[in-house]
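In terms of the working numbering, the sequence shown is residues 4 to 444. Positions of the beta carbon are idealized from the N, C-alpha and C atoms, including for glycine. Below is one structure, written out as C-alpha cells; comments come after it.
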Amino acid sequence: MAQKFHVTTFGCQMNVHDSERMRGMLASLGYEEAAERGEADLILFNTCSIRESADSRFIAHLGEAKRLKSEDPERVVGVGGCWAQSVKEEVFERFPFVDVAFGPGQIHKLAEFLNSDSLSAQGYFEFEEFSGHLPTRREREFQGWLQISQGCNCVCSYCIVPSTRGREVSRDPEELLLEAQNLAADGVREVTLLGQNVNSYGRDLPLEKRISFSELLRRVDAIEGIDRIRYTSPHPKDMKEDVIRAHAELPALCEQIHLPLQSGSSAVLKRMRRTYNRSRYMDRVALIREHVPDCAITTDIIVGFPGESERDFEETLEVAEEVGYDGAFTFIFSPRRETEAATMEGQLPHPLKVERLERLVEVVQRRASERAQRFIGRTMEVLVEGTSRTDETKLRGRTRHGKAVNFDGVASAGDLVDVEIESATSQTLSGVLARPLTPLL
Ligand code: SAH
Ligand code: SF4
Ligand code: F3S
C-alpha cells in the first residue's frame, strides 16, 4: 500500500504555494494524501512565525503529532517553513519527536531526506534559494501561483521575514513566462504573482535579463488563456506610476491593489523603517484613484507598535477613514525574536492594543461596507469557485475587485460568469446570475 502524507499549512500565500509544491513532489514519489493526520505515515507542518499567535497555533497542533508518533514510532514528522527556519536546530531540542526540519521552500531537501537511508537520523536543512521546478498539486485547477521572487531586502523593524526567507532573489523572467504559459495550458485562468515585495522585481537580475515588474505584468497579460492577474504584495515605496497605469491598460490585470499601510503616523512609519511617510502613501492612493478610479484598495495595518501614542493611532484611523479601504487585515503588534522592534522602548500593554484594534476594525468595516455599496445594481464578472460556504444552494466566486460573491444560478467552478449584484456587506456581495443574452437565430 502507498505511503500516506498529511500537510497542515500556516501563514501566507507563499506557504500555501510551497505546500502545493510539497504535494506535487510527494505525489511524484508515490505518496498519497491522507484525509486526516491520524491516517498519515508522514505528518508535515508548513509553519509561519509572523506573529506569536502563529507560533502558538502551530505548537498546539504539534501536540497531536507527538501523540500519533508515540502510538506508531514508524511515523515521520516533518516541520518546514518560517518557524522552522527561525528556530533552526532548536526544533529538535524542544520537540525531540520531530524527524526532519527544513527552511521555507526547501522542499527538494525533504525529498532527499525521504529518499535517504538515514530516515532515522534527525536532519535540518538550511534555507538556500528558490527550490526550482517541482511539480505542483494545485488546490483549484483554474487558479495558480507564480512565485516571482524569494526573500525580502527591506528591514521593517517588526518583521521576521527577512531572517526566515533571506535576501531578495528575482527569478529569471523567461523561466517565469514559461511557467505562466504552462499554467495557462494546464487550465489556469487566474494567476497570482507572489513575492514579499513584488514591485522591486528584477532589480537584482543581470542587465541582459532585467525587466521591470510592470513589464513582467505586460508579458503575463499577453499569454493566451490568462483572464485574470493579481499580485501580492507591493511595497508603497516602490509603487510607481507604470505599475498603476498597467491596471488601466492590461485587460487581465485586476482592479485590486493591496497597498500595506502599517501605520498612518509618519513618526511610527519611521520607526518601522517603512521608508515612506503618511503623505507619500496618500500620494500613491491619489495616483491609483486618478488612473483606476474604481480600483479596490486593500491593506495591512499594525496597531500598538512600540511608542505608538494615542495621536499616532488617531492618524491611522484618519488614513483608514480617508482612503476607504475595500478591505484590511488588521494586526496587533507582536514582538518577534531578533527583530529591532521587539526590544524598542515603549512597548504597550496588551489591553490597550486590543482596544485600538477594536476601534480600527470598526472604521475599516464601516468604510468597506460603504465602499461595497457602489457594486449594487452592477453586473460584474465573477470567477466561480464552488458552492457557497454558508448556503449550499448558492454558488460562490470572486469579482475582479477581489470581493467574494454568493449568488443564485447554475455554473461550474472555473467558469467566468456575469452576476447582477443585489446587496453588499463589508465582506461579501450577493446577487443572481445575469441572464445570458439569447443568441440571435
Ligand atoms: N511582505 C509583505 C507581507 C509581510 S507579512 C508586505 O510587506 O506587505 C504580512 C503582514 O503581517 C504585514 O504587512 C504586517 O502588517 C503584519 N506583520 C508583520 N510582522 C508583524 C508583527 N511583528 N506584528 C504584527 N503584525 C506583523
Ligand atoms: Fe517584512 Fe517589510 Fe519585507 Fe514585508 S517588506 S516582508 S513587512 S520586511
Ligand atoms: Fe509567515 Fe513566513 Fe509567510 S513568517 S507570513 S509564512 S513569509
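Nearest to ALA3 by alpha carbon, out of GLN6, GLU227, LYS240, GLY205? What the structure shows of the chain is the stretch from 4 to 444, and residue 3 is not part of that stretch, so it cannot be assessed.
C-beta atoms of PHE216 and VAL246 nearer than 8 Å: Here the question's residue 216 lines up with position 213 in the sequence shown. Here the question's residue 246 lines up with position 243 in the sequence shown. With contacts defined by Cβ atoms closer than 8 Å, PHE216 and VAL246 form a contacting pair.
Start and end residues, alpha helix (DSSP H) containing HIS111: Position 108 of the sequence shown, counted from the start, is the residue given in the question as residue 111. For HIS111, the enclosing alpha helix (DSSP H) starts and ends at 110 to 118.
Return the CA-CA distance between ILE291 and ALA251, expressed in angstroms with no decimal places. Numbered from 1 along the sequence shown, position 288 holds the residue referred to as residue 291. Numbered from 1 along the sequence shown, position 248 holds the residue referred to as residue 251. Roughly 10 Å separates the two Cα atoms.
For HIS353, count neighbouring Cβ atoms within 10 angstroms of its own Cβ and tell me buried if that reaches 16, exposed if not. Stepping through the sequence shown from its first residue, residue 353 is reached at position 350. Exposed is the call here.
Sorry if obvious, but does the Cβ on CYS157 come closer than 7 Å to a heavy atom of ligand 2? Against the sequence shown, residue 157 aligns to sequence position 154. For ligand 2, at least one heavy atom lies less than 7 Å from the Cβ of CYS157.
Rounded straight-line distance, which links the Cα of SER426 to that of ARG340: Numbered from its first residue, the sequence shown carries residue 340 at position 337. Numbered from its first residue, the sequence shown carries residue 426 at position 423. The alpha-carbon of ARG340 is positioned some 45 Å away from that of SER426.
Contact test: GLN109 Cβ vs ligand 2 heavy atom, cutoff 7 Å: Along the sequence shown, read from residue 1 onward, the residue named residue 109 stands at position 106. Relative to ligand 2, even the nearest heavy atom lies 7 Å or more away from the CB of GLN109.
Am I right that MET275 and SER433 are in contact with their C-beta atoms under 8 Å? What's the rounded C-beta distance? In the sequence shown, counting from the first residue as 1, residue 275 sits at position 272. In the sequence shown, counting from the first residue as 1, residue 433 sits at position 430. Actually they do not touch by this definition, with Cβ atoms about 38 Å apart.
Beta carbon of SER268 nearer than 8 Å to that of ARG281: The residue labelled residue 268 in the question sits at position 265 within the sequence shown. The residue labelled residue 281 in the question sits at position 278 within the sequence shown. In contact: SER268 and ARG281 (Cβ atoms closer than 8 Å).
Got a sec: does ligand 1 put a non-hydrogen atom nearer than 7 Å to the Cβ of ILE305? Counting from one through the sequence shown, the residue named residue 305 turns up at place 302. Yes, the beta carbon of ILE305 sits closer than 7 Å to at least one heavy atom of ligand 1.
According to DSSP, is PHE61 helix, strand or coil? In the sequence shown, counting from the first residue as 1, residue 61 sits at position 58. It is helical.
Entirely within the segment 242 to 312 and at least 3 residues each: give me those beta strand (DSSP E) ranges in chain order. Correct list: 259 to 261, 299 to 306.
Which residues share a DSSP beta bridge with SER433? Here residue 433 refers to the residue found at position 430 when the sequence shown is read from its first residue. ASN409, SER426.
Following a CB-centred definition, is ALA57 positioned closer than 7 Å to any heavy atom of ligand 3? Working through the sequence shown from its first residue, we reach residue 57 at position 54. For ALA57, the Cβ falls inside the 7 Å cut-off from some heavy atom of ligand 3.
Neighbour-count burial assignment, MET25, 16 or more Cβ in a 10 Å radius: Along the sequence shown, one-based indexing puts residue 25 at 22. Buried: at least 16 other Cβ atoms inside 10 Å.
Which partner residues of VAL387 appear in the DSSP bridge assignment? Here residue 387 corresponds to residue number 384 of the sequence shown, with the count starting at 1. According to DSSP, which records beta bridges pairwise, VAL387 is partnered with GLY400.
If you draw a straight line from the alpha carbon of HIS238 to that of PRO263, how long is it in whole angstroms? The sequence position of residue 238 within the sequence shown is 235, counting from 1. The sequence position of residue 263 within the sequence shown is 260, counting from 1. Their backbone Cα atoms lie some 7 Å apart in a straight line.
According to DSSP, what are the bridge partners of TYR234? As a working note, residue 234 is residue 231 in the sequence shown. DSSP output for TYR234 lists LEU196 as bridge partner(s).
Closer than 7 Å by C-beta to PHE98: which residues in its own chain qualify, once you throw out the five before and the five after it? Chain order, please. Here residue 98 is taken as the residue at index 95 of the sequence shown, counted from 1. So the qualifying residues of the chain are LEU65.
Using a Cβ-Cβ cut-off of 6 Å (strictly less than) and excluding sequence neighbours within five positions of LEU45, which residues of its own chain qualify? The residue given as residue 45 occupies position 42 in the sequence shown. Excluding residues within five positions, the ones whose Cβ falls inside 6 Å are PHE8, VAL79.
Compare the Cα-Cα distances from SER89 to each of ILE110, GLU55, ALA63 and report the closest residue. As a working mapping, residue 89 is identified with position 86 in the sequence shown. Closest by alpha carbon: GLU55.
How big is the Cα-Cα spacing for GLN430 and ARG362? Position 427 of the sequence shown, counted from the start, is the residue given in the question as residue 430. Position 359 of the sequence shown, counted from the start, is the residue given in the question as residue 362. Just so you know, the alpha carbons of GLN430 and ARG362 end up roughly 18 Å apart.
For SER119, count the other beta carbons within 10 Å of its own beta carbon; 16 or more makes it buried, fewer makes it exposed. Which is it? Translated into positions along the sequence shown, residue 119 becomes position 116. SER119 sits exposed, since fewer than 16 C-beta atoms from the chains shown fall within 10 Å of its C-beta.
Element boundaries [beta strand (DSSP E), containing THR150]: Start at 1 with the first residue of the sequence shown, and residue 150 comes out as number 147. It should be noted that the sequence gives Gln, not Thr, for residue 150. Segment 146 to 150, the beta strand (DSSP E) holding GLN150.
VAL3 to ARG287 span [Cα, whole Å]: The structure shown does not extend to residue 3, since the chain spans only 4 to 444, so no value can be given for it.
Say yes only if the C-beta of GLN153 is nearer than 7 Å to one or more non-hydrogen atoms of ligand 2, and no if none qualify. Counting from 1 along the sequence shown, the entry for residue 153 is found at position 150. Result no, Cβ not under 7 Å from ligand 2.
Any alpha helix (DSSP H) of 4 or more consecutive residues that is wholly inside the segment 66 to 95: Complete alpha helix (DSSP H) runs here, min 4: 85 to 90.
By Cβ distance, which residues of its chain are closer than 6 Å to LYS240, with the 5 residues on each side in sequence left out? Within the sequence shown, numbered from 1, the residue matching residue 240 stands at position 237. For LYS240, where only same-chain residues beyond five positions count, the Cβ hits under 6 Å are THR278, TYR279.
Give a single yes or no on whether ARG339 has its beta carbon closer than 7 Å to a heavy atom of ligand 1. What you label residue 339 is simply residue 336 of the sequence shown in a count that begins at 1. Yes, ligand 1 has a heavy atom inside 7 Å of this Cβ.
What's the C-alpha gap between ILE53 and MET17? On the sequence shown, residue 53 is found 50 positions in, with the first residue counted as 1. On the sequence shown, residue 17 is found 14 positions in, with the first residue counted as 1. Taking the straight line from one Cα to the other gives about 13 Å.
Quick check on DSSP: helix, strand or coil for THR167? Position 164 of the sequence shown, counted from the first residue, corresponds to residue 167. THR167: helix per DSSP, three-state reduction.
Residues of its chain near GLU35, where Cβ-Cβ distance is below 8 Å and the 5 sequence neighbours each way are ignored: In the sequence shown, the residue the question calls residue 35 occupies position 32. Take GLU35, set aside five residues on each side of it, and the residues of its chain with a beta-carbon closer than 8 Å to its own are ALA5, GLN6, LYS7, PHE8, in chain order.
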